[in-house]
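*Asks:* The structure that follows is given in the form of structure tokens.
Numbering (my numbering), first residue to last: 13 to 625.
Given below as structure tokens:
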């Protein structure tokens with residue numbers, strides 16, 4: 013579904029006038045899903061003024077219980093009155109005004125939004141790049157400055173008025189060149205200049221997955237005297253939902269990639285009157301270095317499911333080493349199924365790689381190659397799952413915003429029917445049957461394949477208990493799990509759906525799932541038992557869907573990164589098996605809190621003789 017969003021330049025403390033203008037636009041052209049504000053959100057600080065003075069208007073607005081006309085997300089939380097205004101905002105409840113932070117990636121209505129404030133440190137940029145690696149496609153990049161090279165390649169007729177042809181933007185920042193190059197957002201929205209400028213789209217280089225275009229939009233300050241455009245509307249389909257052909261389409265006015273052009277060496281600058289004590293730092297400029305030997309990044313082999321348990325991480329890899337050199341070195345231990353070696357922004361290979369073997373045992377055996385020489389260099393080797401750099405393995409720690417974490421105040425604990433040592437049983441909030449329940453690990457793990465052995469064993473015990481319970485009622489168990497990497501903070505919390513089905517109808521379950529999968533353009537593979545080791549060998553670390561059948565067997569499919577899998581697949585097939593197709597829609601199955609409590613108590617009473625807790 014396409015989302016309508018609004019974008020604003022520097023607010024400069026004119027928060028209530030901005031809201032008034034947005035309310036008018038919402039009324040005439042809405043509804044809008046979000047307003048994103050780049051630039052300085054609070055009044056600019058002056059050397060003679062106390063920047064801690066409270067923003068009276070905003071404080072009174074918050075105290076009056078007002079709400080933003082459209083959910084509003086901003087960066088640039090500095091300037092006069094910002095400290096006390098931010099303190100007031102913390103205790104404001106849901107007023108619709110949200111501070112994104114100094115840097116990061118977040119999900120807003122399905123859009124992946126990356127952001128970097130003007131007052132940033134090297135650590136902020138590093139964290140942002142790491143977060144973006146985990147988030148995948150970036151729909152919007154929000155910054156308070158322009159990339160210094162963004163005007164390179166812009167035809168003279170399309171050059172922004174007010175900036176001399178050939179000159180760099182006054183707010184230009186080289187770090188943002190590197191950030192735009194690393195993230196390749198679909199849209200880059202920036203403040204920092206006194207003008208509005210919608211750059212012709214530029215073509216991103218193809219780094220193995222196709223090269224889409226990026227559109228840069230520079231927004232003028234809100235309420236500027238020159239009446240330059242400060243408010244802009246977009247209608248966007250998230251990149252993750254777009255057809256590949258549509259995403260990679262190249263408009264007729266597309267320009268070359270701007271960041272391959274030389275610049276004048278201008279560095280990031282921070283006006284002293286706006287400096288709030290952030291660390292100043294410099295990016296090292298290349299110069300006088302010997303060129304690296306020829307070599308190429310290795311993107312990995314198509315169709316291979318990533319499996320961290322069967323993968324080793326190798327460092328100090330010679331830059332000249334080819335894929336053939338690496339395979340010859342590592343295949344002394346066992347069968348190599350994949351080699352992945354990332355590259356830098358210039359297309360040169362980095363000094364490390366990932367090598368995936370045919371089994372976890374072979375990968376562990378490859379540790380004996382540690383410190384052996386490859387092309388004269390000692391290679392450091394460790395298991396990929398244990399390496400200290402890169403995104404950490406799932407910790408299982410509670411996530412405050414997760415509905416399934418029992419520590420979350422928003423968790424519907426009245427639906428909980430049984431709590432074990434490492435897992436619990438709860439009724440579904442949109443039940444397809446009064447005894448539709450979920451098995452959930454107490455700790456926040458993303459899927460059944462990421463659980464500790466003891467947690468997985470207890471979940472299997474719960475599943476066996478629920479199966480016996482359903483059978484005592486003359487029904488059979490049919491269930492499913494869909495693992496997906498949610499982009500919002502914390503990610504997916506594993507949960508397995510279990511539904512009782514009349515035995516006559518349950519006999520049709522396997523055929524119903526296979527037929528529905530064929531209709532949706534994919535296939536399901538059958539495993540004769542509930543064997544998580546076999547499932548891991550099949551899907552590796554990729555997303556997956558698995559159905560649990562009445563006879564204890566499973567059907568599964570691996571969901572590749574570019575593969576679209578219907579979110580409602582499990583509920584849709586179960587609705588068909590139950591003879592209630594309308595139950596595919598969760599809203600049709602939801603009941604009041606009072607009814608939920610009655611259903612939960614009824615389930616507890618009926619299940620008590622089978623409870624394992």
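We put the beta carbon where it would ideally sit given N, CA and C, even for glycine.
Using the C-alpha atoms, what's the distance from residue 441 back to residue 21?
*Replies:* 41 angstroms
*Asks:* Which whole-angstrom value is the C-beta distance of residue 270 and residue 214, which I expect to be below 8 angstroms?
*Replies:* 6 angstroms
*Asks:* From 363, 132 and 446, pick the residue whose C-alpha is nearest to that of residue 595; which is it?
*Replies:* Among 363, 132 and 446, the Cα nearest to that of residue 595 is on 446.
*Asks:* Please name the residue, chosen from 536, 580, 578 and 619, that lies closest to residue 566 on a Cα-to-Cα basis.
*Replies:* 536
*Asks:* Kindly indicate which three-state DSSP category residue 141 falls into: helix, strand or coil?
*Replies:* The DSSP-derived three-state label of residue 141 is helix.
*Asks:* Starting from residue 513, trace the beta strand (DSSP E) in both directions and tell me its first and last residue.
*Replies:* Here the beta strand (DSSP E) through residue 513 covers 508 to 514.
*Asks:* Can you give me the Cβ contacts of residue 176 inside the same chain, cut-off strictly under 8 angstroms, excluding the 5 residues immediately before and after it?
*Replies:* none
*Asks:* Could you tell me if residue 183 is buried or exposed, where buried requires 16 or more neighbouring beta carbons within 10 angstroms of its beta carbon?
*Replies:* When all chains shown are included, residue 183 counts as buried.
*Asks:* Taking the alpha carbon of residue 212 as the point to measure from, which residue in 388, 203 and 225 has its own alpha carbon closest?
*Replies:* 225
*Asks:* On a CA-only basis, which of 331, 322, 76 and 330 is nearest residue 349? Give me that one, please.
*Replies:* 322
*Asks:* Where residue 34 and residue 206 are concerned, what is the direct C-alpha to C-alpha distance, given to the nearest angstrom?
*Replies:* 20 angstroms
*Asks:* Taking the beta strand (DSSP E) that residue 366 belongs to, which residues open and close that run?
*Replies:* From DSSP, the beta strand (DSSP E) with residue 366 extends over 364 to 369.
*Asks:* Tell me which residues share the same chain as residue 517 and place their Cβ nearer than 8 angstroms to its Cβ, disregarding the 5 neighbours each side in the sequence.
*Replies:* 589, 590 and 591
*Asks:* Are the segment 234 to 250 and the segment 75 to 93 touching, with three or more C-beta to C-beta distances below 8 angstroms?
*Replies:* As far as the Cβ criterion goes, the segment 234 to 250 does not touch the segment 75 to 93, which means the pair count is below three.
*Asks:* Beta-carbon within less than 6 angstroms of residue 151's beta-carbon, same chain only, minus the 5 sequence neighbours each way: which residues are those?
*Replies:* 123, 124, 198, 250 and 251
*Asks:* Using a threshold of 7 angstroms, state whether the C-beta atoms of residue 459 and residue 506 are closer than that.
*Replies:* yes
*Asks:* Under three-state DSSP, which class holds residue 311?
*Replies:* coil
*Asks:* Around the Cβ of residue 189, are there at least 16 other Cβ atoms within 10 angstroms (buried) or fewer (exposed)?
*Replies:* buried
*Asks:* Counting C-beta neighbours from all protein chains within 10 Å, is the total for residue 368 16 or more, i.e. buried, or is it exposed?
*Replies:* buried
*Asks:* Measuring CB atoms only, is the segment 73 to 84 touching the segment 97 to 108, in the sense that at least three cross pairs come out at less than 8 angstroms?
*Replies:* yes
*Asks:* Tell me which same chain residues have a C-beta within less than 6 angstroms of the C-beta of residue 577, skipping the five on either side of it?
*Replies:* Exclusion of the five residues before and after residue 577 leaves 571 as the residues of its chain whose Cβ lies within less than 6 angstroms of its Cβ.
*Asks:* Classify residue 200: buried if its beta carbon has 16 or more other beta carbons within 10 angstroms, exposed otherwise.
*Replies:* buried
*Asks:* Check this for me: beta carbons of residue 244 and residue 121, under 7 angstroms apart or not?
*Replies:* Judged by beta-carbon spacing, residue 121 lies beyond the 7 angstroms limit of residue 244, meaning their Cβ atoms are not closer than that value.
*Asks:* Is the CB-CB distance between residue 390 and residue 383 below 7 angstroms?
*Replies:* yes
*Asks:* Which residue's Cα is closest to the Cα of residue 466: 493, 433 and 438?
*Replies:* 433
*Asks:* Cβ of residue 525 within 7 angstroms of Cβ of residue 569?
*Replies:* no
*Asks:* My parser needs the beta strand (DSSP E) runs of 3 or more residues fully inside the segment 148 to 185; what are they?
*Replies:* Taking only runs of at least 3 residues, the beta strand (DSSP E) segments lying wholly in the segment 148 to 185 are 152 to 155.
*Asks:* Using DSSP bridges, identify the partner residues of residue 8.
*Replies:* An answer regarding residue 8 cannot be provided, because it is not within the stretch 13 to 625 covered by the chain.
*Asks:* Can the beta-carbon of residue 127 be found less than 7 angstroms from the beta-carbon of residue 154?
*Replies:* yes
*Asks:* What residue range is occupied by the uninterrupted beta strand (DSSP E) comprising residue 496?
*Replies:* Careful: residue 496 lies outside any beta strand (DSSP E) and carries neither H nor E.
*Asks:* Pull up the distance between the alpha-carbon of residue 549 and that of residue 169, whole angstroms please.
*Replies:* 57 angstroms
*Asks:* Using the three-state DSSP reduction, which class does residue 90 fall into: helix, strand or coil?
*Replies:* For residue 90, the three-state secondary structure derived from DSSP is coil.
*Asks:* Looking at the strands, I want to know which residues DSSP matches up with residue 430.
*Replies:* 437
*Asks:* Which runs of the alpha helix (DSSP H) spanning at least 4 residues fall entirely within the segment 565 to 619, listed in chain order?
*Replies:* 581 to 590 and 605 to 619
*Asks:* Assess, as a yes-or-no matter, whether the segment 482 to 494 is touched by the segment 419 to 428 under the definition of 3 or more beta carbon pairs within less than 8 angstroms.
*Replies:* no
*Asks:* Can you grab the Cα-Cα spacing for the pair residue 194 / residue 338, in whole Å?
*Replies:* In a straight line, the C-alpha of residue 194 is about 26 angstroms away from that of residue 338.
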